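**Q** Here's a structure for you.
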Amino acid sequence: MDSGEQASPSSGASTKPVLLICGYGPGIGHAVAERFGQAGHPLHLVARDADKLAAATRHLQAQGIHAQGTACDLSDEAALQAMLQAQLAAGGIGLLHWNAFVDVDGDLLDASPAVLAQSLNLRVVRYLQVVQTLLPLLARQRGAVLATSGVMALQQPDIDAFAKDFGILAVSVAAQHKANALLAQSLAAHGVHLAEVVVNGFVQRTPAEAQYPATINPADVAEQFWQLVQQRQAHSRL
């Protein structure tokens, strides 16, 4: 279902590739939207909540950014396929930001197999499905895939001790981190760059801020993504 928000007429046409943000939210997703939108990239935001999405596109349009949105549950196969087919028909996508995840904590010994499967599905399976489907558009633009990762993906004793209480999140982000390393190799053959930012902490202006000390400014993460995409050298940055 489309959010009904169309691009602001004042933003004008752009020759820069469209950035598709899957899993748009008020933290990193919004910061990336502002950073790339202010640089002239048209935006297409994808999130579950149609009302919040409409408000977000209006906010971006008020800044003169060419933005529109589609309400879609990325874990829903039929909804995801419909969104992807619409993107293929429209063309123009040259940048993909995957920022979708299931926010869950708890020890693995208490983890629900169904929730673990849901988390892995969103972090890895749907992510790869979107990359595979949009690859022709990304390759045509010699574009980039941006992937939000987290420090719990890394295997170090101090990190593992902390991540024990976020078992499902840690396992799924670790799987995505490995997928990113492999994708960086595979996408390069198509002229597409993989840019992963490993976020080391809880992000400000997100729901996590109400429960945990949030030390990460999402604008700093967005700038890291911007530099990785512009330089097209490194694939991952902590």
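Numbering (the working numbering), first residue to last: 22 to 259. Every residue, glycine too, gets a C-beta built ideally from N, C-alpha and C. On a predicted model such as this, the values are computed, not experimentally measured, just so you know.
1. Select from Ala165, His118 and Ala92 the residue whose C-alpha is nearest the C-alpha of Ala210.
2. From which residue to which residue does the beta strand (DSSP E) around Gln89 run?
3. Could you please give the first and the last residue of the uninterrupted beta strand (DSSP E) stretch that includes Ala168?
4. When we look at the beta-carbon of Asn120 and count the other beta-carbons within 10 Å, is it buried (16 or more) or exposed?
5. With C-beta atoms as the reference, is Gln139 less than 7 Å away from Val123?
6. Flag this pair as touching only if the segment 48 to 58 and the segment 220 to 234 have three or more C-beta atom pairs under 8 Å; answer yes or no.
7. Three Cβ pairs or more, each shorter than 8 Å: is that satisfied between the segment 194 to 209 and the segment 240 to 247?
8. Taking only runs of the alpha helix (DSSP H) that begin and end inside the segment 123 to 190, which ones reach a length of at least 4 residues, in chain order?
9. Does the ligand NAP have even one heavy atom less than 6 Å from the beta-carbon of Lys37?
10. Helix, strand or coil for Ala292? Go by DSSP, reduced to three states.
11. DSSP has Arg258 in a bridge; who is on the other side?
12. What's the call for Gly33, buried or exposed, on a 16-neighbour Cβ count within 10 Å?
13. In three-state DSSP terms, what is Gly46?
14. Return the CA-CA distance between Ile189 and Ala202, expressed in angstroms with no decimal places.
15. Measuring CA to CA, which of Ala182, Leu208, Val213 and Thr169 is closest to Ser193?
16. Of all the options Lys185, Gln82 and Gly46, which has the alpha carbon lying nearest to the alpha carbon of Ala71?
17. If you compare alpha carbons, which of Leu149, Ala68, Val218 and Arg144 is closest to His256?
18. On the criterion of 16 or more Cβ atoms from any shown chain inside 10 Å, does Thr91 qualify as buried, or is it exposed?
19. In three-state DSSP terms, what is Ala227?
20. Just to confirm the assignment, what range does the alpha helix (DSSP H) spanning Leu116 have?
21. Please go through the same chain and pick out, in chain order, the residues whose beta-carbon is closer than 6 Å to the beta-carbon of Ala68, but skip the five residues on each side of it.
22. For Phe57, which residues in the same chain have their Cβ closer than 6 Å to its Cβ, ignoring the five residues on either side in sequence?
23. Taking the C-alpha atoms as reference points, what is the distance between Leu167 and Leu204?
24. In the DSSP assignment, what residue or residues form a beta bridge with Ala40?
**A** A quick look at the data gives this:
1. One-based indexing of the sequence shown puts residue 210 at position 189. Looking at the Cα atoms, Ala165 is the closest of the given residues.
2. As a first step, residue 89 must be located in the sequence shown, where it is residue number 68. Looking at the DSSP string, the run of the beta strand (DSSP E) that includes Gln89 is Ala88 to Ala92.
3. Position 147 of the sequence shown holds residue 168. From DSSP, the beta strand (DSSP E) with Ala168 extends over Ala165 to Gly171.
4. Indexing the sequence shown from 1 puts residue 120 at position 99. Flag for Asn120 reads buried.
5. Taking the sequence shown and counting its residues from 1, the one referred to as residue 139 is at position 118. Taking the sequence shown and counting its residues from 1, the one referred to as residue 123 is at position 102. Against a cut-off of 7 Å, the Cβ pair of Val123 and Gln139 comes out as a contact.
6. yes
7. no
8. 134 to 141, 147 to 161 and 178 to 184
9. Inclusion of the ligand NAP in the displayed structure is not the case, the ligand content being empty and no account of it being possible.
10. Because the chain spans 22 through 259 in this model, residue 292 falls outside it and cannot be assessed.
11. Here residue 258 is taken as the residue at index 237 of the sequence shown, counted from 1. The partner list for Arg258 (beta bridge, DSSP) reads Val218.
12. In the sequence shown, the residue the question calls residue 33 occupies position 12. Unreliable positioning characterises Gly33 in this predicted model, as indicated by a pLDDT of 48, which lies under 50. The coordinate reading is nonetheless provided below. Counting Cβ neighbours within 10 Å, Gly33 comes out exposed, since fewer than 16 surround it.
13. To locate residue 46, count along the sequence shown from 1; it is residue 25. Gly46 falls in the coil class under three-state DSSP.
14. Here residue 189 refers to the residue found at position 168 when the sequence shown is read from its first residue. Here residue 202 refers to the residue found at position 181 when the sequence shown is read from its first residue. About 20 Å.
15. Counting from 1 along the sequence shown, the entry for residue 193 is found at position 172. Ser193 has its Cα closest to that of Thr169, out of Ala182, Leu208, Val213 and Thr169.
16. In the sequence shown, counting from the first residue as 1, residue 71 sits at position 50. Comparing Cα-Cα distances from Ala71 to each of Lys185, Gln82 and Gly46, the minimum goes to Gly46.
17. Taking the first residue of the sequence shown as 1, we reach residue 256 at position 235. The residue with the shortest Cα to Cα distance from His256 is Val218.
18. As a first step, residue 91 must be located in the sequence shown, where it is residue number 70. So Thr91 ends up on the buried side.
19. Residue numbering aside, residue 227 sits at position 206 when the sequence shown is read from its first letter. The sequence shown places Thr at residue 227, rather than the Ala named in the question. In this structure, Thr227 counts as coil in the three-state DSSP scheme.
20. Numbered from 1 along the sequence shown, position 95 holds the residue referred to as residue 116. Segment Ile114 to Trp119 is the beta strand (DSSP E) holding Leu116; no alpha helix (DSSP H) there.
21. Translated into the one-based positions of the sequence shown, residue 68 becomes position 47. Closer than 6 Å at the Cβ level, and outside the excluded window around Ala68, lie Tyr45 and Leu74.
22. Here residue 57 refers to the residue found at position 36 when the sequence shown is read from its first residue. Around Phe57: Leu40.
23. For the purposes of this step, residue 167 is taken as residue 146 along the sequence shown, with counting starting at 1. For the purposes of this step, residue 204 is taken as residue 183 along the sequence shown, with counting starting at 1. Going from the Cα of Leu167 to the Cα of Leu204 covers about 11 Å.
24. Mapped onto the sequence shown, residue 40 falls at position 19. Just to set this straight, residue 40 is Leu in the shown sequence, not Ala. DSSP output for Leu40 lists Leu64 and Leu116 as bridge partner(s).
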